[in-house]
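**Q** Per full-length UniProt numbering: the sequence shown = residues 1 to 376.
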Amino acid sequence: MTPKIAHFLAEHAPATPCLVVDVDRVEARYRSLHDVLPLARIYYAVKANPAEAILRRLVSLGSAFDAASWEEIRMCLDAGAQAQDISFGNTVKKVSAIANAHAAGVTMYAFDCIEELEKLARHAPGSRVYCRLIVENEGAEWPLSRKFGTTLDSARDLMLRARELGLDPYGLSFHVGSQQTTTDAYEAAIARVGMLFTDLAAAGLNLRMVNLGGGFPIRYREDVPEIDRFALAISHAMTEHFGNDLPEMIVEPGRFIVGDAGVVSSEVVLVTRRGLKDDTRWVYLDIGRFGGLAETEGESIRYGIRTPHDGGATGKVAIAGPTCDGADIMYEKAPYALPLDLASGDRIELLSTGAYVSTYCSTRFNGFAPLTEHYI
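(1) Which of the three DSSP states, helix, strand or coil, is assigned to Met1?
(2) Taking Val210 and Gly171 to be in contact with their CB atoms under 8 Å, please state how far apart those CB atoms are, rounded to whole angstroms.
(3) Which residues bound the beta strand (DSSP E) around His102?
(4) Residues in its own chain within less than 6 Å of residue 429 by CB, not counting five upstream and five downstream?
(5) Tell me which residues share the same chain as Glu116 and place their Cβ nearer than 8 Å to its Cβ, disregarding the 5 neighbours each side in the sequence.
(6) Where DSSP assigns a beta bridge to Arg128, which residues make up the other side?
(7) From the DSSP output, in three-state form, read off Glu248 for me.
(8) What would DSSP say about Asp153, mapped onto helix, strand or coil?
(9) Enumerate in chain order the residues of its own chain whose CB-to-CB distance from Val271 is below 8 Å, with the five nearest sequence positions on each side excluded.
(10) With residue 386 as the anchor, note down where its beta strand (DSSP E) starts and where it stops.
(11) Give me the DSSP bridge partner(s) of Thr372.
(12) Counting C-beta neighbours from all protein chains within 10 Å, is the total for Ala189 16 or more, i.e. buried, or is it exposed?
(13) Would you mind giving the Cβ-Cβ distance between Arg247 and Leu207, rounded to the nearest angstrom? I have them listed as a contact below 8 Å.
(14) How long is the line joining the alpha carbons of Gly312 and Ile42, rounded to whole angstroms?
(15) What are the start and end residues of the beta strand (DSSP E) that includes Gly315?
(16) Measuring alpha carbon to alpha carbon, tell me which residue in Arg229, Phe216 and Asp199 is nearest residue 393.
(17) Just how far apart, CA to CA, sit Thr182 and Ala155?
(18) State buried or exposed for Leu77, treating a residue as buried only when at least 16 other CB atoms are found within 10 Å of its CB.
(19) Going by Cα to Cα distance, which pick from Arg163, Glu240, Tyr303 and Ala40 is closest to Asp223?
(20) According to DSSP, which residues form a beta bridge with Trp70?
(21) Is the CB-CB distance between His309 and Pro335 below 9 Å?
(22) Check whether the segment 35-55 touches the segment 95-107, taking contact to mean three or more Cβ pairs, one atom from each stretch, closer than 8 Å.
(23) Where does Ser266 sit, in a helix, a strand or coil, going by DSSP?
(24) So for Tyr303, helix, strand or coil by DSSP?
(25) Tell me which same chain residues have a C-beta within less than 8 Å of the C-beta of Phe256, skipping the five on either side of it?
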């Protein structure tokens, strides 16, 4: 939690549940990534948090944007981004979305299959296109390898077909999974990309761009490697496989940019036990999986928690949301222990919740209003 957020919460005690984001921290994270990967263009992953205050700040810093929908593209444009600085990075797009983006001046699109490529040729003719590869996601807390991407052999044929269709075969992309905690995944993926660049060059097609995706981790409850370790591994791998003839590089950070810039403030609604001899207390909050904490599915992302009783004796807890859905349990197996003095009415903070919270918030399930947002 930044001092700015702590001061805001202490001074204003905003109604809960709410998300408070320090936009200056967003800027600091952007600058830190730019400093260690100066040769890569940053395309902020809008899906992480599309708040206007964040987009406008990033526009002022020279960021480009990775958008997943026409609606996200429109948000970027409204915030002052130029169309040529937006990549339509979703490989699954409606024809109407492609047409709208093309009409607005967006010229760069992702794909991973022939049907999507043909849609782009018809509705965004002449555009720069890049093919997403399937790569290993081991080491990621939130894998992304099952739903997207294609094989090397298929990608080779697709890029050659893109040229035949009058598109600009711009490059290749991959994503090693969100909250990726090892550098190995980037190194292995870059090796695969390098092989395909060489293969296509032999076929007379010279690609110009490598999109390294996102996945850079932030600290939740456990330490993660610093960003300079990932930058060094990426730089070494790119040099190893491309030599001095480096292609353009793109990175698409979301969580890394906004994750630790945000805090969710929540109220404890109930503390109870399932039985008299049960050692586990159940702590119910006024926010849960349907209120924005969707990444607790499978207890994948484990947020740090602060309470007004920190420092006192603690005991094992399960943590759940307020709805009547039995799936609205954030943590039951994870080893969470909270103060024994914790009681209904206490305010607690869930840390590093700036990414993938407001955008995952379901609207009025059980009548609960979406969490409010404060950008300071």
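For every residue, glycine included, the Cβ atom is placed at its ideal position computed from N, Cα and C.
**A** In short:
(1) Three-state result, Met1: coil.
(2) Yes, Val210 and Gly171 are in contact; Cβ-Cβ is about 6 Å, under 8 Å.
(3) Here His102 belongs to no beta strand (DSSP E); instead the alpha helix (DSSP H) covers Val95 to Ala104.
(4) Since the first residue of the chain shown is 1 and the last is 376, residue 429 is not available in this structure.
(5) If the five residues before and after Glu116 are omitted, its C-beta is found closer than 8 Å to the C-beta atoms of Thr91, Val92 and Lys93, all from its own chain and listed in chain order.
(6) Answer by DSSP bridge pairing, in chain order: Met108 and Asp168.
(7) Taken through DSSP and simplified to helix, strand or coil, Glu248 comes out as strand.
(8) Of the three classes helix, strand and coil, the one that applies to Asp153 here is helix, per DSSP.
(9) Closer than 8 Å at Cβ, skipping near neighbours: Arg281, Trp282, Val283, Tyr284, Leu342, Ala343 and Ser344.
(10) As shown, the chain starts at 1 and ends at 376. That puts residue 386 outside it, with no answer to give.
(11) Per DSSP, Cys18.
(12) So Ala189 ends up on the buried side.
(13) A quick correction: the sequence has Pro, not Arg, at residue 247. With 8 Å as the limit, Pro247 and Leu207 qualify as a contact, their Cβ atoms being about 7 Å apart.
(14) Going from the Cα of Gly312 to the Cα of Ile42 covers about 43 Å.
(15) Element bounds for Gly315: Thr314 to Ala320.
(16) Absent from the model: residue 393. The displayed extent of the chain is 1 to 376, so no value can be given.
(17) Between Thr182 and Ala155, the C-alpha separation is close to 25 Å.
(18) So Leu77 counts as buried.
(19) Taking the Cα of Asp223 as reference, the smallest distance to any Cα among Arg163, Glu240, Tyr303 and Ala40 is reached at Tyr303.
(20) Bridge partners of Trp70: none, in fact.
(21) No; because the gap between Cβ atoms is not below 9 Å, this pair is not in contact.
(22) Result no; under three Cβ-Cβ pairs closer than 8 Å.
(23) Reduced to three states, the DSSP call for Ser266 is strand.
(24) In this structure, Tyr303 counts as coil in the three-state DSSP scheme.
(25) Answer for Phe256: Arg29, Leu33, Gly214, Phe216, Pro217, Ile218 and Ile227, listed in chain order.
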